[in-house]
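Enquirer:
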Amino acid sequence: MLETLGSSLFCHIVTQRLLLLQLLQSLDRSVCPYAPEEENYEYDLVVIGGGSGGLACAKQAVQLGAKVAVLDFVKPSPRGTKWGLGGTCVNVGCIPKKLMHQASLLGEAIHDSQPYGWKLPEPESIRHDWATLTESVQNHVKSVNWVTRVDLRDQKVEYVNGLGYFKNDHTVVAVMKNQTERELSAKHVVIAVGGRPRYPDIPGAAEFGITSDDIFSLPNAPGRTLLVGAGYIGLECAGFLKGLGYDVTVMVRSILLRGFDQQMATLVGDSMVEKGISFHHRTRPLAVEKQADGRLLVRYETETDGGTATTAEDVFDTVLFAIGRQAETGTLKLANA
C-alpha cells in the first residue's frame, strides 16, 4: 500500500526506530558483557504480532543472540475471513493487492491491444473469471505464509499460534485455538499487533459490508460495487475492480487522498473518472439493507452547496468500506503491563 510521511509521522518513525535499536542492543550480550544478571525469564523477547514489523524485530533479535517467541493470531473479520502468518501486507494488503492490480492491467492491455495490430477473436466476448483470480491470489498468499513459517523455524524463532494478552509487565498469556492458555515470561515484550479496518456506525455496515480484509478472497464476483472512503486503500480497490470490468462507485465524504498532495490527488481522481469510475462527493452512507434478491440497498446523504443535505438510495452487489483503520489493541489488557 502507498505510504505518506508528514513531518510528525517521520519524527515518530525515527523515534520508534531509535527505541527499537536500544531494545536490540540490550538483547546483544556483547554490547554490555559486564551487566549484572537479571531475573531469569523464559525468553529474552516475546513479540505479540506476526506481521512485517513483528517478524523483522524477532529475526533481528535472534541474530543478536536472544531467545525469541512470536505470538500470532488472526481474529476473523465480521464476514468470517481469516488468514495465516505474515500480517496485513502478506495476506490482505500489499501482496494480494499487487496481484489483483496486475490482473487489472492485463485486462486493460487486452482491450487496448487491437489498435496495435492484435487480432482477437470476438473481443466483446472476453470476460474475466473472478474465482480463478482469487484462487491464484490465495495460493500465492499461502505459499508466502509457508515460507514465512519455515524462515522463523530456520532462524530459531519460536512461533506460537495464540492470541496474546498481558498478565503482568513480564508475562504474556497466549490463548490457543482450543482455548487453553500458555504463559510466556520475557525480559522484553514488543507489541506489533497492527490494525484492522473500521466500519461506520450505521445499520447494516458490519452485517452486510466488507473491507479490504475480505475482498481478496471474496468467493463470488463483486459485481456492481460501492467503495465507501477515498483514501489510498479505497481508491486502489476501486481502480483494480474497474480494470477487471466491474461497475464501481466511490463515496467521498470530503476530499480524495487526505494527507497527500492535493494537486496529485486531483489528477488521480480525474484519471479514475476517465476510466469510468463514478464519484459521489460530500456524501456519507446512512444504512445498508439486504434485499430479497440478495443485493444491497444503500441509503446515503449528500451535502449541498447551501449547507443542507439531500437523501437518496441506490442498489449494489457489494459494499466495501475503506474509511480508515484502528489499532488491534483491545484484547491486550495493557493495564496489566
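Just so we're aligned, residue 1 is where the sequence shown starts under our numbering, counting upward by one.
Using N, Cα and C, we set each Cβ at its ideal position, and we do this for glycine too.
1. Report all residues from its chain with a CB closer than 8 Å to the CB of PRO76; omit the five preceding and five following residues, and keep chain order.
2. In chain order, what residues of the same chain have a beta carbon less than 7 Å from the beta carbon of LYS156, not counting five sequence neighbours either side?
3. Assuming contact is defined by CB atoms lying nearer than 7 Å, are GLY209 and VAL68 in contact in what I supplied?
4. How should TYR116 be labelled, buried or exposed, when 16 other C-beta atoms within 10 angstroms of its C-beta is the threshold for buried?
5. Within 10 angstroms of the Cβ of GLY294, are there 16 or more other Cβ atoms? Answer buried if so, exposed if not.
6. Alpha carbon to alpha carbon, how far is VAL90 from VAL141?
7. Check whether the Cβ atoms of VAL252 and PHE279 sit closer than 7 Å, and answer yes or no.
8. If you draw a straight line from the alpha carbon of ALA35 to that of ALA56, how long is it in whole angstroms?
9. Can you name the residues that DSSP bridges to ASN168?
10. What residues are listed by DSSP as bridge partners for GLN326?
11. Given 6 Å as the limit, tell me if VAL144 has its C-beta closer than that to any heavy atom belonging to the ligand FAD.
12. Evaluate the contact criterion for the segment 181 to 195 versus the segment 37 to 53: three or more CB pairs, one atom per stretch, below 8 Å.
13. Where does the unbroken alpha helix (DSSP H) through PRO96 begin, and where does it stop?
14. Go ahead and label LYS97 buried or exposed: buried means 16 or more other beta carbons lie within 10 angstroms of its beta carbon, across all protein chains shown.
15. Tell me the rounded alpha-carbon separation between PHE260 and ALA230.
16. I need the DSSP call for THR339, collapsed to helix, strand or coil.
17. Comparing C-alpha positions only, which one of LEU235, ASN161, ALA131 sits nearest to LEU218?
18. To the nearest angstrom, how far is it from the Cα of ASP72 to the Cα of GLU236?
19. Cα-Cα, which of GLY245, MET272, VAL193 is closest to LEU332?
20. For the candidate residues ASP213, ILE191, VAL189, whose alpha-carbon lies nearest to that of ARG198?
21. Have a look at the DSSP bridge pairing and note the partners of HIS188.
22. I'd like to check one pair, GLU303 with ARG282: are the Cβ atoms closer than 7 Å?
23. So does the segment 97 to 108 actually touch the segment 165 to 175, counting three or more Cβ pairs closer than 8 Å?
24. Does the separation of the CB atoms of VAL228 and PRO285 fall below 7 Å?
25. Given this structure, state the Cα-to-Cα distance separating GLY107 from ASN161, to the nearest angstrom.
26. Compare the Cα-Cα distances from LEU133 to each of ALA221, GLY49, GLY86 and report the closest residue.
27. How close, in whole Å, do the beta carbons of ILE255 and ALA265 come, if the pair is a contact with beta carbons under 8 Å?
28. CA-CA distance, ASP129 and ARG299?
29. Report buried or exposed for ILE323, applying the criterion of at least 16 other Cβ atoms within 10 angstroms of its Cβ.
Expert: With the given structure in hand:
1. Position 76 of the sequence shown, counting from 1, holds the residue named residue 76. Cβ neighbours of PRO76 beyond the five flanking positions: LYS82.
2. For the purposes of this step, residue 156 is taken as residue 156 along the sequence shown, with counting starting at 1. Taken in chain order, the residues that qualify are VAL62.
3. Start at 1 with the first residue of the sequence shown, and residue 209 comes out as number 209. Start at 1 with the first residue of the sequence shown, and residue 68 comes out as number 68. No. Outside cutoff.
4. Sequence index remark: in the sequence shown, residue 116 carries index 116 (1-based). It is exposed - the Cβ of TYR116 has fewer than 16 other Cβ atoms within 10 Å.
5. What you label residue 294 is simply residue 294 of the sequence shown in a count that begins at 1. GLY294 is exposed by the Cβ-count criterion.
6. For the purposes of this step, residue 90 is taken as the residue at position 90 of the sequence shown. For the purposes of this step, residue 141 is taken as the residue at position 141 of the sequence shown. VAL90 and VAL141: Cα-Cα distance of roughly 6 Å.
7. In the sequence shown, the residue the question calls residue 252 occupies position 252. In the sequence shown, the residue the question calls residue 279 occupies position 279. It is a contact, given that the beta carbons lie within the stated cut-off.
8. Within the sequence shown, numbered from 1, the residue matching residue 35 stands at position 35. Within the sequence shown, numbered from 1, the residue matching residue 56 stands at position 56. Residue placement at ALA35 is flagged as unreliable, the pLDDT there being 43, under the threshold of 50; the coordinate-derived value follows with that caveat. In a straight line, the C-alpha of ALA35 is about 26 Å away from that of ALA56.
9. What you label residue 168 is simply residue 168 of the sequence shown in a count that begins at 1. According to DSSP, ASN168 bridges with THR171.
10. Taking the first residue of the sequence shown as 1, we reach residue 326 at position 326. Paired residue(s): ARG196.
11. With respect to the ligand FAD, the structure shown offers nothing to examine, as it has no ligands at all.
12. yes
13. Here the question's residue 96 lines up with position 96 in the sequence shown. Its alpha helix (DSSP H) spans residues 94 to 112.
14. If you number the sequence shown from 1, residue 97 lands on position 97. Answer is buried; the Cβ neighbour count reaches 16.
15. As a first step, residue 260 is located in the sequence shown; it is residue number 260 there, counting from the start. As a first step, residue 230 is located in the sequence shown; it is residue number 230 there, counting from the start. Taking the straight line joining both Cα atoms gives about 12 Å.
16. The chain is shown only over 1 to 337; residue 339 falls outside these bounds and no answer can be derived.
17. Your numbering for residue 218 matches position 218 in the sequence shown. Selected option, being the one with the closest Cα: ALA131.
18. As a first step, residue 72 must be located in the sequence shown, where it is residue number 72. As a first step, residue 236 must be located in the sequence shown, where it is residue number 236. Near 27 Å, if we compare the C-alpha coordinates of GLU236 and ASP72.
19. Locating residue 332 in the sequence shown gives position 332, counting from the first residue. Ranking the options by Cα distance to LEU332, first place goes to VAL193.
20. Locating residue 198 in the sequence shown gives position 198, where the first residue counts as 1. Looking at the Cα atoms, ASP213 is the closest of the given residues.
21. Start at 1 with the first residue of the sequence shown, and residue 188 comes out as number 188. According to DSSP, HIS188 bridges with LEU45.
22. Position 282 of the sequence shown, counting from 1, holds the residue named residue 282. Position 303 of the sequence shown, counting from 1, holds the residue named residue 303. A contact, by the Cβ cut-off of 7 Å.
23. no
24. Position 228 of the sequence shown, counted from the start, is the residue given in the question as residue 228. Position 285 of the sequence shown, counted from the start, is the residue given in the question as residue 285. A contact, by the Cβ cut-off of 7 Å.
25. Working through the sequence shown from its first residue, we reach residue 107 at position 107. Working through the sequence shown from its first residue, we reach residue 161 at position 161. Cα to Cα, the separation comes out at about 39 Å.
26. By 1-based counting over the sequence shown, the position of residue 133 is 133. It is ALA221.
27. For this step, residue 255 is matched to residue 255 along the sequence shown. For this step, residue 265 is matched to residue 265 along the sequence shown. Yes, ILE255 and ALA265 are in contact; Cβ-Cβ is about 7 Å, under 8 Å.
28. As a position in the sequence shown, residue 129 is number 129, starting the count at 1. As a position in the sequence shown, residue 299 is number 299, starting the count at 1. Computed Cα separation, rounded: 30 Å.
29. Here residue 323 refers to the residue found at position 323 when the sequence shown is read from its first residue. Buried, since its Cβ has 16 or more Cβ neighbours within 10 Å.
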